[in-house]
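Engineer:
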Amino acid sequence: MRLVQMAKFIEQIEKILLILIMLATLVAVGDEILHMIEYRKVELSDLLLLFIYAEVIGMLAAYYNSSRIPVTLPLIIAMTALSRMIILQSKELDKIVLLYESSSILLLSIAAVIMSLKDKISLEKLRNRHLGKPE
-4 MRLVQMAKFI EQIEKILLIL IMLATLVAVG DEILHMIEYR KVELSDLLLL
46 FIYAEVIGML AAYYNSSRIP VTLPLIIAMT ALSRMIILQS KELDKIVLLY
96 ESSSILLLSI AAVIMSLKDK ISLEKLRNRH LGKPE
């Protein structure tokens, strides 16, 4: 009984944190939009930042719909963040650093593909079990 109460308590804390993350993300989106309006200028780095915010909101929505976060979403957010960092630092970036950062994007991309394939295979196995088919 005590374990069930602890699990519910942790679940409530998790929901509160997710709401705080959503609110903070929406505030950041508003701040970024106000910044673009104030300077009357939209750059690629601004759009990538808005895309990161949209991905965070999408990840939160996916969690609320399925009670699990798809592993590929944080990987995509990381790739977008690295791309934004490369764009922001492009003028003073050493070539070897650029190679390292772009290689990390490639590794994250490969990981995202592998995780997507793993999810598809896992879903097929689960479907086959429900239908009584052998694996």
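Going by this note's numbering, the residue at position 64 of the sequence shown is 59; the numbering climbs one at a time, nothing skipped. For glycine and all other residues, C-beta sits at the position ideal for the given N, C-alpha and C.
Helix, strand or coil for M(-4) per DSSP?
Structural biologist: M(-4) falls in the coil class under three-state DSSP.
Engineer: According to DSSP, is D89 part of a helix, a strand, or is it coil?
Structural biologist: The answer is coil: DSSP assigns D89 none of H, G, I, E or B.
Engineer: Taking the alpha-carbon positions, what's the L77 to L126 distance?
Structural biologist: Rounded to whole angstroms, L77 to L126 spans 43 Å at the Cα level.
Engineer: Spatial neighbours of S111 within its chain, please: CB distance less than 8 Å, with the 5 preceding and 5 following residues excluded, ordered by chain position.
Structural biologist: If we look at S111 and ignore the five residues flanking it on each side, its Cβ neighbours are T67.
Engineer: Going by C-alpha distance, which of R122, L101 and V24 is nearest L43?
Structural biologist: Measuring from the Cα of L43, the nearest candidate turns out to be V24.
Engineer: Am I right that L45 and E33 are in contact with their C-beta atoms under 8 Å? What's the rounded C-beta distance?
Structural biologist: Rounded, the Cβ-Cβ distance is 15 Å, inconsistent with contact.
Engineer: Quick one: measure Cβ to Cβ for S97 and I81, integer angstroms, because I've assumed they're closer than 8 Å.
Structural biologist: 7 Å between Cβ atoms; contact.
Engineer: Using 8 Å as the Cβ pair cut-off and three pairs as the minimum, do the region 86 to 97 and the region 52 to 59 touch?
Structural biologist: The answer is no - the region 52 to 59 does not touch the region 86 to 97, with fewer than three Cβ pairs under 8 Å.
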